[in-house]
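Peer 1: Below you will find the structure I want to go over with you.
This is the structure in structure tokens:
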């Protein structure tokens, strides 16, 4: 049975909110009705913040992390270890690793992992730019900090092949992280220890 809305504007807003991940129409309706009860200035401020973020947010030209500037604060920080690059799947993973306060190197955000089932191949990811960073000669170690899933392992293998011509150390997170776990959902202590106790990457 279709939900009957007293307003076409309300129905349109519910439809837009329900496009968000994990938000069904019932939850979307609650959110829209909540906003409807707020002062107009607050709702306009909320809408402008979202619109401004979409218009002005950038991706770092070096590591592809989200940034307000062309080069993100991590890449531009002279105190970071530029010989060390941690390869992660997404922006959330950068935040997860940073929250451990155990890592002082740089990052490289792939934007996903290789997944033929989902139609994601190597060319859809930021792998070529990683190879170029290594080819430039400043990077001495690449930490493959992808989730311990089949897709993550496949991506690790592919990257290892692409980096094989270079004299760069490859390592992976210690397996304190359970098989199948995503980095962003791993507790900070476990993730921090996994970075510190990382092991050499080996093709099996």
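Residue numbers (my numbering): 42 to 245. Every residue, glycine too, gets a C-beta built ideally from N, C-alpha and C. Being a predicted model, the structure only gives us computed values, none of them experimental.
Quick check on the DSSP output: the beta strand (DSSP E) that includes residue 184 runs from which residue to which?
Peer 2: As a working note, residue 184 is residue 143 in the chain shown. Counting along the chain, the beta strand (DSSP E) containing residue 184 begins and ends at 182-185.
Peer 1: Would residue 106 and residue 148 qualify as a contact pair, given that the criterion is a beta-carbon distance under 8 Å?
Peer 2: Taking the first residue of the chain shown as 1, we reach residue 106 at position 65. Taking the first residue of the chain shown as 1, we reach residue 148 at position 107. Taking 8 Å as the Cβ cut-off, residue 106 and residue 148 qualify as a contacting pair.
Peer 1: If you reduce the DSSP assignment to three classes, tell me which class residue 31 lands in.
Peer 2: In the structure as shown, the chain begins at 42 and stops at 245. Residue 31 is therefore absent and cannot be evaluated.
Peer 1: Please confirm whether residue 171 and residue 213 have their CB atoms less than 8 Å apart.
Peer 2: Counting from 1 along the chain shown, the entry for residue 171 is found at position 130. Counting from 1 along the chain shown, the entry for residue 213 is found at position 172. Cβ atoms of residue 171 and residue 213: not closer than 8 Å.
Peer 1: What does the Cβ neighbour count give for residue 179, buried or exposed, with the cut at 16 atoms within 10 Å?
Peer 2: Within the chain shown, the letter at position 138 stands for residue 179. Exposed, because fewer than 16 other Cβ atoms sit within 10 Å of the Cβ of residue 179.
Peer 1: Runs of 3 residues minimum, wholly inside the segment 88-167: which ones carry the beta strand (DSSP E) assignment?
Peer 2: The qualifying runs are 122-129 and 146-150.
Peer 1: May I have the straight-line CA-CA distance separating residue 73 from residue 94, to the nearest angstrom?
Peer 2: Along the chain shown, one-based indexing puts residue 73 at 32. Along the chain shown, one-based indexing puts residue 94 at 53. Their Cα atoms are separated by approximately 20 Å.
Peer 1: Spell out the partners DSSP gives residue 206 in its beta bridges.
Peer 2: Looking up residue 206 in the chain shown gives position 165. Paired residues: none, contrary to the question.
Peer 1: Which of the three DSSP states, helix, strand or coil, is assigned to residue 212?
Peer 2: Numbered from its first residue, the chain shown carries residue 212 at position 171. Strand at residue 212.
Peer 1: Do you know how far the Cα of residue 62 is from the Cα of residue 161?
Peer 2: Counting from 1 along the chain shown, the entry for residue 161 is found at position 120. Counting from 1 along the chain shown, the entry for residue 62 is found at position 21. Roughly 19 Å between the two C-alpha positions.
Peer 1: Tell me, please, which residues DSSP counts as bridged to residue 241.
Peer 2: Against the chain shown, residue 241 aligns to sequence position 200. In the DSSP output, where bridge partners are listed per residue, residue 241 has 212.
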